[in-house]
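Here is the structure we will look at, set down as structure tokens.
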Amino acid sequence: MSMKRTNVYADPEDLAIIKEAAKRRGISEAEIIRQGIHLAAMANRVWDEPLFSRTFAGPGRTLAKGEVRDAVADAVRREAAPGTAT
């Protein structure tokens, strides 16, 4: 993976924690910082699609496990064979 260099200012206490964690885990301090940057980037990412983009019609009450499984299976069958009624 190609990487780009950047400068970051950090609190001395945070740097001490990173140094200790890197030593304990046997990896570089830079790797700890890269992991932290990745976690921060993913936590602030704006996704193109909502996490739950599909909805299912229900009876207005909490469904039992089997009812959820059946509703999802029915929706998958309808999607796999459009134009057929179930």
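Under my numbering, think of the first position of the sequence shown as 725, with each following residue one higher. C-beta atoms are modelled at their ideal positions from N, C-alpha and C, and glycine is treated no differently.
**Prompt:** At which residues does the alpha helix (DSSP H) containing Ala-745 begin and terminate?
**Reply:** Numbered from 1 along the sequence shown, position 21 holds the residue referred to as residue 745. That run of the alpha helix (DSSP H) goes 736-749.
**Request:** For the alpha helix (DSSP H) containing Ala-781, list its first residue and its last residue.
**Result:** Position 57 of the sequence shown, counting from 1, holds the residue named residue 781. Looking at the DSSP string, Ala-781 is not in any alpha helix (DSSP H), and its letter there is neither H nor E.
**Prompt:** Beta-carbon separation of Ile-741 and Ile-757 under 8 Å?
**Reply:** Taking the sequence shown and counting its residues from 1, the one referred to as residue 741 is at position 17. Taking the sequence shown and counting its residues from 1, the one referred to as residue 757 is at position 33. Their beta carbons are not under 8 Å apart, which means Ile-741 does not touch Ile-757 by this criterion.
**Prompt:** With distances taken between CB atoms, is the gap from Ala-745 to Ser-752 smaller than 8 Å?
**Reply:** What you label residue 745 is simply residue 21 of the sequence shown in a count that begins at 1. What you label residue 752 is simply residue 28 of the sequence shown in a count that begins at 1. Their beta carbons are not under 8 Å apart, which means Ala-745 does not touch Ser-752 by this criterion.
**Request:** With DSSP as the reference, label Gly-790 as helix, strand or coil.
**Result:** Residue 790 sits at position 66 when you count from the first residue of the sequence shown. DSSP places Gly-790 in helix when its eight states are reduced to three.
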